[in-house]
Amino acid sequence: MSTTGIIIGREYGERVKKKSFIITTLLMPILMLALMAVPAMIALWGSQTGKNIYVVDHSGVVGSRLVSDEDYTFTLTSLTPDSASNTENVDGVLIIPAGIIERDAPVEYLTDEATSISLESALTSRVADIVEQERMAAYPDLDVEKIISSVHADISMKTFRTDKDNEQGSSGLSYILGLVLTMMLYMCLLLYGQMVMTGIIEEKNNRVLEIVVSSVKPSRLMLGKIAGIGLVAVTQIAIWAVLITVISAFVIPAILPQSIANEVSMFNSGNLDPTQATIDTDLLQALGMLGDTGYLINLFAMLLAFLILGFLFYSSIFAAIGSAVDNIQDASQLQTFAVMPIILGIMFSMSAIADPTSSLSVWMSMIPFTSPMVMMARIPFGIDPWQIAASLAILLISTVAMIWLAAKIYRVGIFMYGKKPTWKELIKWTRYK
């Protein structure tokens, strides 16, 4: 086995056998699902519920029609607003003005605590509904309830790609997949890239590198360390890919009720009447795409491609930084050059998920500093293959150039001690022969 292979094996084996790697690999899919549920939980727990509200109704109509529920309890009172607000166990006083049925007069809300947009919106919408019903009741010849039910529309949309043989897609699922894949890539680039840097700094402080470079070239040593740690990231993503594919292909179909499974099958074949569906059509599209094993394998293949090239690109920068300093504190300032583009990549990915075909999204998916994450955010939406190929080609060329540049710095930096180099000195190192 070559010396580079030995280094790769050592770096890979040392990390993949750790309990932390095994636990993280198995728990990360669960953690990702939990993170996706956090916004909904925050919205649920963070909402203002259980409010006890007194109503002072000067209109004589609205207050008696406000219906209490688990979120808000309405109590019609004859007290003055000031007296009602000073009553114990009252969170606020809602004042309905006279003449609100005839004109859009503002309601008032008295409280001794901070309010929220959700509370104000809930109260105004309930009052507005009652006012609208009263105004419609002014037309006795009209059956208001019948008119409302007859004009109510619930429109769904099915999207077809004419450039892909009328293939159906789900923008909602594509949005979620783009977000999840981007976050997975972001964590791997940042976590394992910094692992390369800290490993080099530790070995440099222990003077291990001085011994190793006596039998292997510095450039091969750097590549071996990067490749070994990179294989750990690839292994982790591959395990996640297998777990998610197995769950989508076997677990989800097994737990779905037979009626819904039949609807998914009919929907995919185009034989389902949307008006006869028992669940939302967007959910049917999402279940159909998740059950497509080939689609998931293609997504993870793209993820691995951008992970490998993106990791080699960024880990080369982290390796150069680690070789140039003696401790983590000195590296914290220099690593901004590597960390900031990754953060920018996440920021532009959010824009790409919102509009994957915008000019900004296309250009950011071509620039090597942001292309891994931005392109992974766009791929689930079914973008043109030539854009993916162009992004990979540019990233490959940039990665080779970055590795060559980092190796120049690495071969000099591992022998430098006692002083944090400036950017001017780093540039000078790249010119040494």
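Just so you know, we're using the working numbering here: the sequence shown kicks off at 1 and counts up by one. Cβ coordinates follow ideal geometry from the N, Cα and C atoms, glycine included. The structure presented is a predicted model; accordingly, all values stated were derived computationally and were not measured.
| task | Below 8 Å CB to CB, which residues in the same chain sit around L309 once its five sequence neighbours on both sides are set aside? | result | For the purposes of this step, residue 309 is taken as the residue at position 309 of the sequence shown. Closer than 8 Å at the Cβ level, and outside the excluded window around L309, lie P372, L392, L395, L396 and T399.
| Would the segment 335-342 and the segment 425-432 be scored as touching if the rule is three or more Cβ pairs under 8 Å? | no
| message | Considering only their Cβ atoms, is the gap separating M402 from F313 smaller than 9 Å? | response | Here residue 313 is taken as the residue at index 313 of the sequence shown, counted from 1. Here residue 402 is taken as the residue at index 402 of the sequence shown, counted from 1. Against a cut-off of 9 Å, the Cβ pair of M402 and F313 comes out as a contact.
| Should M197 be counted as a contact of the ligand FAD given a C-beta to heavy atom distance under 8 Å? | In terms of ligand content, the structure shown is empty, and the ligand FAD therefore cannot be addressed.
| request: Take the Cβ of M197 as the centre, count every other Cβ of all protein chains shown within 10 Å, and call the residue buried at 16 or more, exposed below. | output: Walking along the sequence shown from the start, residue 197 turns up at place 197. So M197 ends up on the buried side.
| message | Comparing C-alpha positions only, which one of L177, V232, N205 and Q258 sits nearest to N298? | response | Numbered from 1 along the sequence shown, position 298 holds the residue referred to as residue 298. It is L177 whose Cα lies nearest to the Cα of N298.
| said: According to DSSP, simplified to helix, strand and coil, what is N262? | reply: Counting from one through the sequence shown, the residue named residue 262 turns up at place 262. The answer is helix: DSSP assigns N262 an H, G or I state.
| Given 8 Å as the limit, is there contact between the segment 103-115 and the segment 77-88, that is, 3 or more CB pairs closer than that? | yes
| query | Where are the beta strand (DSSP E) runs, 3 residues long or more, that stay fully inside the segment 62-112, in chain order? | reply | 72-76, 92-96 and 108-110
| task | Name the two residues that bound the continuous beta strand (DSSP E) containing I53. | result | Residue mapping note: residue 53 aligns to position 53 of the sequence shown, counting from 1. Start and end: K51 to D57.
| task | Check whether the Cβ atoms of G228 and R411 lie closer than 9 Å to each other. | result | Counting from 1 along the sequence shown, the entry for residue 228 is found at position 228. Counting from 1 along the sequence shown, the entry for residue 411 is found at position 411. Taking 9 Å as the Cβ cut-off, G228 and R411 do not qualify as a contacting pair.
| task | Name the two residues that bound the continuous alpha helix (DSSP H) containing Q329. | result | Taking the sequence shown and counting its residues from 1, the one referred to as residue 329 is at position 329. Where Q329 is concerned, the enclosing alpha helix (DSSP H) stretches over I328 to L334.
| field | Reduced DSSP category for Y12 - H, G, I as helix; E, B as strand; rest coil | value | Locating residue 12 in the sequence shown gives position 12, where the first residue counts as 1. Residue state, collapsed to three classes: helix.
| Same chain, Cβ closer than 7 Å to Q236, five either side skipped, listed in chain order | For this step, residue 236 is matched to residue 236 along the sequence shown. Result list for Q236: T25, in chain order.
| field | Coil, strand or helix - N166 by DSSP | value | Looking up residue 166 in the sequence shown gives position 166. Any reading at N166 is ruled out, since the residue's pLDDT is 47, under 50, leaving its predicted position unreliable.
| task | May I ask you to verify whether the segment 371-386 touches the segment 319-336, counting CB pairs closer than 8 Å and requiring at least 3? | result | no
| query | G63: which of V131, W240, A233 and A305 sits nearest, CA to CA? | reply | Reading the sequence shown from its first residue, position 63 is the one you call residue 63. Minimum Cα distance to G63 is reached at V131.
| message | Quick check for students: name the residue ranges of the alpha helix (DSSP H) that lie wholly in the segment 338-375, counting only runs of 4 or more. | response | 359-364
| query | Using a Cβ-Cβ cut-off of 6 Å (strictly less than) and excluding sequence neighbours within five positions of I321, which residues of its own chain qualify? | reply | As a working note, residue 321 is residue 321 in the sequence shown. If we look at I321 and ignore the five residues flanking it on each side, its Cβ neighbours are M197, A331, L334 and Q335.
| said: Can you give me the C-alpha to C-alpha distance between F369 and L185, rounded to a whole angstrom? | reply: Position 369 of the sequence shown, counted from the start, is the residue given in the question as residue 369. Position 185 of the sequence shown, counted from the start, is the residue given in the question as residue 185. Between F369 and L185, the C-alpha separation is close to 13 Å.
| said: Which of the three DSSP states is assigned to F381 in this structure? | reply: Against the sequence shown, residue 381 aligns to sequence position 381. Reduced to three states, the DSSP call for F381 is helix.
| Reduced DSSP category for M222 - H, G, I as helix; E, B as strand; rest coil | Sequence index remark: in the sequence shown, residue 222 carries index 222 (1-based). Helix.
| query | Beta carbon of F306, beta carbon of M376: below 9 Å? | reply | For the purposes of this step, residue 306 is identified with residue 306 of the sequence shown, where counting begins at 1. For the purposes of this step, residue 376 is identified with residue 376 of the sequence shown, where counting begins at 1. Against a cut-off of 9 Å, the Cβ pair of M376 and F306 comes out as a contact.
| Pair within 9 Å by beta-carbon distance, V374 and A352 | In the sequence shown, residue 374 corresponds to position 374, counting from 1. In the sequence shown, residue 352 corresponds to position 352, counting from 1. Their beta carbons are under 9 Å apart, which means V374 touches A352 by this criterion.
| Nearest residue (CA-CA) to Y54, options F21, K408, V16 and L123 | As a position in the sequence shown, residue 54 is number 54, starting the count at 1. Closest by alpha carbon: L123.
| message | Rounding to the nearest angstrom, what Cα-Cα distance links T80 and Y139 in this structure? | response | Looking up residue 80 in the sequence shown gives position 80. Looking up residue 139 in the sequence shown gives position 139. Answer to the nearest angstrom: the Cα atoms are 34 Å apart.
| task | Assign D57 to one of two classes, buried (16 or more other C-beta atoms within 10 Å of its C-beta) or exposed (fewer than that). | result | Taking the first residue of the sequence shown as 1, we reach residue 57 at position 57. The residue is buried, with at least 16 neighbouring Cβ atoms inside 10 Å.
| message | Counting C-beta neighbours from all protein chains within 10 Å, is the total for A43 16 or more, i.e. buried, or is it exposed? | response | Locating residue 43 in the sequence shown gives position 43, where the first residue counts as 1. Residue placement at A43 is poorly supported in this model, since its pLDDT is 48, which falls under 50; the coordinates are not used for a value here.
| field | Chain-order list of residues whose beta-carbon lies under 6 Å from that of P443 (same chain, five-residue window excluded) | value | Absent from the model: residue 443. The displayed extent of the chain is 1 to 433, so no value can be given.
| request: For Y417, count neighbouring Cβ atoms within 10 angstroms of its own Cβ and tell me buried if that reaches 16, exposed if not. | output: Within the sequence shown, the letter at position 417 stands for residue 417. With fewer than 16 Cβ atoms within 10 Å of its Cβ, Y417 is classed as exposed.
| request: Would you kindly work out how many angstroms separate the C-alpha atoms of V208 and L189, rounded to a whole number? | output: Working through the sequence shown from its first residue, we reach residue 208 at position 208. Working through the sequence shown from its first residue, we reach residue 189 at position 189. Their backbone Cα atoms lie some 26 Å apart in a straight line.
| query | Nearest to E203 by CA position, among Y192, M222 and V93, is which residue? | reply | For the purposes of this step, residue 203 is identified with residue 203 of the sequence shown, where counting begins at 1. Ranking Y192, M222 and V93 by Cα distance to E203 puts M222 first.
| field | Residue of L94, Q258, K17 and Y72 minimising C-alpha distance to S78 | value | Position 78 of the sequence shown holds residue 78. Ranking the options by Cα distance to S78, first place goes to L94.
| So which of R65, F21 and V90 has the shortest CA-CA distance to G50? | Within the sequence shown, numbered from 1, the residue matching residue 50 stands at position 50. Selected option, being the one with the closest Cα: V90.
| field | Separation of I8 from R220, as counted between CA atoms | value | Taking the sequence shown and counting its residues from 1, the one referred to as residue 220 is at position 220. Taking the sequence shown and counting its residues from 1, the one referred to as residue 8 is at position 8. Roughly 10 Å between the two C-alpha positions.
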